[in-house]
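Asks: Position in the sequence shown (first residue = 1) + 36 = the numbering used here.
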Amino acid sequence: MRRLPLCTDVPDDSTAPVAAVEIRSLIERKEELERRQRKQDRHRQRVQQILQKSSVSVEIEVRPRQLVPDTNCFIDYLPQLQNITKAVSGAQPIYTLMVPLVVLNELEGLARGADARDCPPASRATLDPEHVARVAESAKAALAFARSRNPAIRCLTTRGTVLTSSTFTVEEDVDKDGLTRNDDRILATCLSLCKAGNKDQANAEEGQPRRLRREVVLLTEDRNLRVKALARDVPVREVPDFMQWAGLG
Numbered sequence: 037m038r039r040l041p042l043c044t045d046v047p048d049d050s051t052a053p054v055a056a057v058e059i060r061s062l063i064e065r066k067e068e069l070e071r072r073q074r075k076q077d078r079h080r081q082r083v084q085q086i087l088q089k090s091s092v093s094v095e096i097e098v099r100p101r102q103l104v105p106d107t108n109c110f111i112d113y114l115p116q117l118q119n120i121t122k123a124v125s126g127a128q129p130i131y132t133l134m135v136p137l138v139v140l141n142e143l144e145g146l147a148r149g150a151d152a153r154d155c156p157p158a159s160r161a162t163l164d165p166e167h168v169a170r171v172a173e174s175a176k177a178a179l180a181f182a183r184s185r186n187p188a189i190r191c192l193t194t195r196g197t198v199l200t201s202s203t204f205t206v207e208e209d210v211d212k213d214g215l216t217r218n219d220d221r222i223l224a225t226c227l228s229l230c231k232a233g234n235k236d237q238a239n240a241e242e243g244q245p246r247r248l249r250r251e252v253v254l255l256t257e258d259r260n261l262r263v264k265a266l267a268r269d270v271p272v273r274e275v276p277d278f279m280q281w282a283g284l285g
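#1: From what residue to what residue does the beta strand (DSSP E) around THR132 run?
#2: Can you grab the Cα-Cα spacing for the pair ARG153 / PRO136, in whole Å?
#3: Mind reading off the beta-carbon distance from GLU269 to ILE96? Whole number of angstroms is fine, and I expect it under 8 Å.
#4: Specify whether the segment 214-232 and the segment 123-140 touch according to this definition: at least 3 beta carbon pairs, one from each stretch, less than 8 Å apart.
#5: Measuring CB to CB, does THR225 end up less than 8 Å from THR256?
#6: So, is GLN84 buried or exposed, given that buried needs 16 or more other C-beta atoms within 10 angstroms?
#7: Should ARG99 go down as buried or exposed, given a rule of 16 or more other Cβ atoms within 10 Å for buried?
#8: Decide yes or no for the touch test of the segment 100-111 against the segment 161-176: beta carbon pairs closer than 8 Å, at least 3 of them.
#9: Would you tell me roughly how many angstroms separate the C-alpha atoms of GLN116 and MET134, rounded to the nearest one?
#10: Does the CB of TYR131 have a neighbour CB from chain D at under 8 Å?
#11: Output the distance between the C-alpha atoms of LYS75 and ARG60, rounded to the nearest integer angstrom.
#12: Nearest CA to the CA of ALA182: which residue from ASN234, GLY196 and THR132?
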């Protein structure tokens with residue numbers, strides 16, 4: 037008796053067209069992905085070309101002559117600032133402390149014990165009276181130093197105008213410039229000095245770095261002020277770092 041072939045033993049020609057369709061679909065999908073990849077590569081190349089043309093690196097040559105200290109420098113590093121003013125070349129001071137008017141104003145407030153007076157009533161109890169007294173004494177000493185007739189000290193306004201007298205500590209026009217924060221006023225003073233002594237390269241050639249020259253250095257440990265200054269191409273140093281660099285520490 038002959039055994040009939042099972043259905044599984046019979047070739048099914050109907051699967052061939054299905055397989056061909058699937059293969060063709062996979063090929064089309066592969067080609068589509070390759071087209072997308074080429075398109076993305078072209079887009080990335082165009083973006084890179086635009087960035088290379090639009091972005092200009094900056095080289096800053098720093099030759100410090102004018103140092104702008106913030107208020108905390110006078111409180112925490114007064115002896116170091118005094119040593120800076122003693123550095124001379126011949127009979128001329130090597131560095132000049134350019135004291136913003138807003139710094140004098142803050143020192144006056146600290147000398148009056150404004151730490152406690154400016155705090156909300158709920159916070160005054162947490163202040164250490166001895167700390168406030170120490171800060172007040174430091175501020176008084178700093179004011180006496182800043183207002184001395186030292187040729188290496190200049191007091192100036194936010195717009196860079198050097199004052200003949202340091203007894204006036206109020207600027208009436210800073211609000212018109214939108215400078216509501218004291219840190220912004222200190223930075224504005226630095227920018228005014230940079231603009232007044234502008235020695236920057238006029239125009240940088242395409243693909244070449246923009247070269248700046250700075251004789252102004254901001255002295256501060258305030259992180260936010262440091263970030264703002266660096267974003268505006270203003271050199272920044274902490275007092276101990278500058279002392280070490282200048283060989284004064």
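Even for Gly, the Cβ is constructed at its ideal location relative to N, Cα and C.
Replies: Per the coordinate set shown:
#1: Note, THR132: beta strand (DSSP E), 132-136.
#2: Residue placement at ARG153 is poorly supported in this model, since its pLDDT is 41, which falls under 50; the coordinates are not used for a value here.
#3: Note that residue 269 is Asp in the sequence shown here, rather than Glu. Indeed they touch by this definition, with Cβ atoms about 6 Å apart.
#4: Taking 8 Å as the limit for Cβ pairs, the verdict is that the segment 123-140 does touch the segment 214-232.
#5: Their beta carbons are not under 8 Å apart, which means THR225 does not touch THR256 by this criterion.
#6: Classification for GLN84: exposed.
#7: Exposed, since its Cβ has fewer than 16 Cβ neighbours within 10 Å.
#8: The answer is yes - the segment 161-176 touches the segment 100-111, with three or more Cβ pairs under 8 Å.
#9: In a straight line, the C-alpha of GLN116 is about 15 Å away from that of MET134.
#10: The displayed structure is made up of one protein chain only, and chain D is not part of it.
#11: The alpha-carbon atoms of LYS75 and ARG60 are separated by roughly 23 Å.
#12: The candidate whose alpha carbon is nearest that of ALA182 is THR132.
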